[in-house]
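According to full-length UniProt numbering, the residues represented by the sequence shown are 1 to 543, in order.
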Amino acid sequence: MLAPLPVSLASIVGVVEVKIDWLAKLLCCPVVTALQFQGALVALAVCGGWLWAGSMRLRELRRLQKLQQRQLWSKSQDASSRLAQQDKSLQSQAADIPIPKVTLILPVKGLRDGSIQAWASHLSQQYGGDLEAVFVVDDRSDPAHAAAEAALRHSKGQAGRVLVAGHATRCSQKIYNLIAGMSFVCPIELPVPGQKSPVSAGIKAASSNSKYVLCLDDDVTLHPTAVSMLVAAAEDDPGAFMVTGYPFDIPPENVDLLTLCMLVYHLPLLIAFSVRQQTDFLYGGCMMFPLEPLQSGQYPFIQAWQDGGYSDDLTAASVCNQHGLQILCPSSAIFPQHLQGPTTIGQWWNYLRRQLYVLDTYASDKNRRTNHTMMLLHSWLSWGLVLPMTTVMLRSLLWLVQVVLLPTQSVWQGPGTSYAWLHMFHVESCPWSSISHATFALSFLLAACSLSWMTGVVLRLLQHLHHGHVTHFHKDRFPWGKVWLAMYVNNAVLPLCMLYTYVQPAVEWSGVTYRKHAGRVVRQASRHVRYQGMSGRSSLQSV
Numbered sequence: 001m002l003a004p005l006p007v008s009l010a011s012i013v014g015v016v017e018v019k020i021d022w023l024a025k026l027l028c029c030p031v032v033t034a035l036q037f038q039g040a041l042v043a044l045a046v047c048g049g050w051l052w053a054g055s056m057r058l059r060e061l062r063r064l065q066k067l068q069q070r071q072l073w074s075k076s077q078d079a080s081s082r083l084a085q086q087d088k089s090l091q092s093q094a095a096d097i098p099i100p101k102v103t104l105i106l107p108v109k110g111l112r113d114g115s116i117q118a119w120a121s122h123l124s125q126q127y128g129g130d131l132e133a134v135f136v137v138d139d140r141s142d143p144a145h146a147a148a149e150a151a152l153r154h155s156k157g158q159a160g161r162v163l164v165a166g167h168a169t170r171c172s173q174k175i176y177n178l179i180a181g182m183s184f185v186c187p188i189e190l191p192v193p194g195q196k197s198p199v200s201a202g203i204k205a206a207s208s209n210s211k212y213v214l215c216l217d218d219d220v221t222l223h224p225t226a227v228s229m230l231v232a233a234a235e236d237d238p239g240a241f242m243v244t245g246y247p248f249d250i251p252p253e254n255v256d257l258l259t260l261c262m263l264v265y266h267l268p269l270l271i272a273f274s275v276r277q278q279t280d281f282l283y284g285g286c287m288m289f290p291l292e293p294l295q296s297g298q299y300p301f302i303q304a305w306q307d308g309g310y311s312d313d314l315t316a317a318s319v320c321n322q323h324g325l326q327i328l329c330p331s332s333a334i335f336p337q338h339l340q341g342p343t344t345i346g347q348w349w350n351y352l353r354r355q356l357y358v359l360d361t362y363a364s365d366k367n368r369r370t371n372h373t374m375m376l377l378h379s380w381l382s383w384g385l386v387l388p389m390t391t392v393m394l395r396s397l398l399w400l401v402q403v404v405l406l407p408t409q410s411v412w413q414g415p416g417t418s419y420a421w422l423h424m425f426h427v428e429s430c431p432w433s434s435i436s437h438a439t440f441a442l443s444f445l446l447a448a449c450s451l452s453w454m455t456g457v458v459l460r461l462l463q464h465l466h467h468g469h470v471t472h473f474h475k476d477r478f479p480w481g482k483v484w485l486a487m488y489v490n491n492a493v494l495p496l497c498m499l500y501t502y503v504q505p506a507v508e509w510s511g512v513t514y515r516k517h518a519g520r521v522v523r524q525a526s527r528h529v530r531y532q533g534m535s536g537r538s539s540l541q542s543v
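Quick look at the structure:
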């Protein structure tokens, strides 16, 4: 005979309560409490970094706005002969100061949705000096070759050309293309055994009158005065050796979760490129070198790249740090990168692997120790957020279930057996656990608010730098719930991907498989041809 409904429900509720109490006691252990306090410290550190980064970008935005206001005021006073005379004097002085020539080196591979628009921003720079663009492809059959030639034809007299570098064998294809472009600008003869020099035999003339070479990714969209600002930063600081910038990812409308997983990877790294203008890091999508040290071989950038180099920026940064060379990252050197979606699991996994693969490539023993320390630190910080976040979400779920079951206590077990609120939230049995839970939740909320504020500041700065011509720099494109879910998923998978990448020597980049050995990479023959941007931010269809 079946038991009465109230009795059956009471027994079910009793079983659920036993499970809840068991999980609650498990979450009250000191290890979980320590994890939550540690996670709160990590969240507060990230929160402080984003606030600092946002404040630096906000200061730059206000500086540019004040400069614009002064320029507008100056134009409104043109009737004044005194100001007009001063203006002529300043112009004559400026005419006596030579503006350095800059060569843009653009290693490209394939075409993506935003490639042509990005190239247009490179070729239409408002720069007062000479500017030339050198597109470098690995094969003439690459569709980027014809597209780059067409872009140069339509660039209203912009000097430039397209080079064919050939295929790399002892370094990444991007590095090989960069060296080929630099070899056009100045004679660089640093052969590596087993690999031909990237200098094309047909290139005789060298543009040795350039003072700077600016290496750009094909997905970096420059604001109209970006080159002028980069050159001004280098010229104003005699101690500066290199100038760099950093991207800010703009998601598409109705963005999917895995595309956001790619976006959130850059958000903590943005802190290192924002908190001060002198940095120890480089972004490979925007690196401006002085030409003379490259030409003289004073510093071993080219050697380190050619000898099994995989990451252009990490290798160059290690050389700068080794020789005490200063790297500048102006606050205005931030560039929008428009992500393309949707992203498949395979594309996201391969993207994450490529980002982490660089940490197991190195040019020296000191560089190896630094990179491996970064691997461990990155993994610890990732799970230092994910593990306490998991325990907090689980405890919150248990509380929610207990709140739902609360009325059943007085209905089926009598009014005297209702949960006391303090007992239900385990404040009496494990007060430190409740405190750690609340502390982490508050820290997480502060981090979320700081990220939202920093994003708003960066988008306003981008809008100002692009003179208000671009309208999609708006926070509405960022679905914050999905952003934080992507942050959770990405950081949960990252240490596992790091371990797999450490033990797996091969990785695929733009249809080419590279294998690492003792910190250096060699190229393997690809099984198919896939034209994809050299930055590797998103995959393209096979050709």
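The C-beta atom is built at its ideal place from N, Cα and C for all residues, glycine as well.
Query	Result
Following the continuous alpha helix (DSSP H) through Q268, name the residue where it begins and the one where it ends.	In the sequence as displayed, the identity of residue 268 is Pro instead of Gln. Start and end: L257 to A272.
What does DSSP give as the partner residue(s) for L509 in the beta ladder?	Reading the sequence as shown, one finds Trp at residue 509 and not Leu. Partner(s): V512.
So, for P224: in the same chain, excluding its five sequence neighbours on each side, which residues have a beta-carbon less than 6 Å away from its beta-carbon?	Q126
Taking the continuous beta strand (DSSP E) assigned at G160, which residues delimit it?	A159 to V164
Between the stretch 297-311 and the stretch 209-224, do at least 3 Cβ pairs fall closer than 8 Å?	no
Is it true that the stretch 249-265 meets the stretch 341-357, where meeting means three or more beta-carbon pairs spaced less than 8 Å apart?	yes
Grouping DSSP H, G and I as helix and E and B as strand, with all else coil, what is D249?	strand
Could you check if C47 is buried or exposed, using at least 16 other CB atoms within 10 Å of its CB as the buried criterion?	buried
Does the stretch 123-138 come within contact of the stretch 352-372, defined as at least 3 CB pairs closer than 8 Å?	no
Hey, is L328's beta-carbon within less than 8 Å of any beta-carbon in chain B?	The chain inventory of the structure shown lacks chain B, comprising one protein chain alone.
In the DSSP assignment, find the unbroken alpha helix (DSSP H) run with H464 in it and report its ends.	P431 to L465
Considering Q337, what are the terminal residues of the beta strand (DSSP E) in which it resides?	I334 to H338
Assign V31 to one of two classes, buried (16 or more other C-beta atoms within 10 Å of its C-beta) or exposed (fewer than that).	exposed
Can you check which of these residues, A518, Y299, S434 and S155, is closest to C29 by C-alpha distance?	S434
For A486, which residues from the same chain have a beta carbon less than 6 Å from its beta carbon, with the 5 sequence-adjacent residues on both sides left out?	L257, L260, C261 and V264
Less than 8 Å between the CB atoms is what I'm expecting for Y283 and D313, so what's the real figure, rounded?	6 Å
With burial defined as no fewer than 16 other Cβ atoms inside 10 Å of the residue's Cβ, what is the status of A180: buried or exposed?	buried
Do you know whose CA, among R153, S172, A147 and A43, lies nearest R515's CA?	S172
How many Å lie between L152 and V213 at the Cα?	18 Å
Of the residues P388, H464 and K211, which one's Cα is nearest the Cα of Q68?	H464
Identify, in the order they occur along the chain, each residue of the same chain with its Cβ nearer than 7 Å to the Cβ of T455, setting aside the five sequence neighbours on each side.	K475 and F478
Identify which residue in N321, F248 and C497 has its Cα closest to the Cα of F241.	N321
Does DSSP put L385 in a helix, a strand or coil?	helix
Is it buried or exposed for V102, if we count other Cβ within 10 angstroms and need 16 for buried?	buried
Using 8 Å for Cβ pairs, my map puts T33 next to S436. What's the rounded Cβ distance?	5 Å
With a threshold of 16 other CB atoms inside 10 Å of the CB of N177, please say whether the residue is buried or exposed.	buried
Checking 8 Å against the spacing of the C-beta atoms, do L270 and A53 come in under that value?	yes
Is there contact between the stretch 330-340 and the stretch 382-393, where contact requires at least three CB pairs shorter than 8 Å?	no
Would the beta-carbon of T221 fall within 8 Å of that of I327?	no
Below 8 Å, can you find three or more Cβ-Cβ pairs linking the stretch 482-501 to the stretch 273-289?	no
Using a threshold of 8 Å, state whether the C-beta atoms of S296 and N367 are closer than that.	no
Between which residues of its own chain and I175 is the CB-CB distance below 6 Å, once the five residues before and five after are set aside?	W305, G309 and D312
To the nearest angstrom, how far is it from the Cα of R460 to the Cα of Q65?	11 Å
Smallest Cα separation from F473: which of C329, P268 and F248?	F248
Answer yes or no: do A43 and A363 have a C-beta to C-beta separation smaller than 8 Å?	no
Could you compute how far the alpha carbon of M393 sits from the alpha carbon of V231?	49 Å
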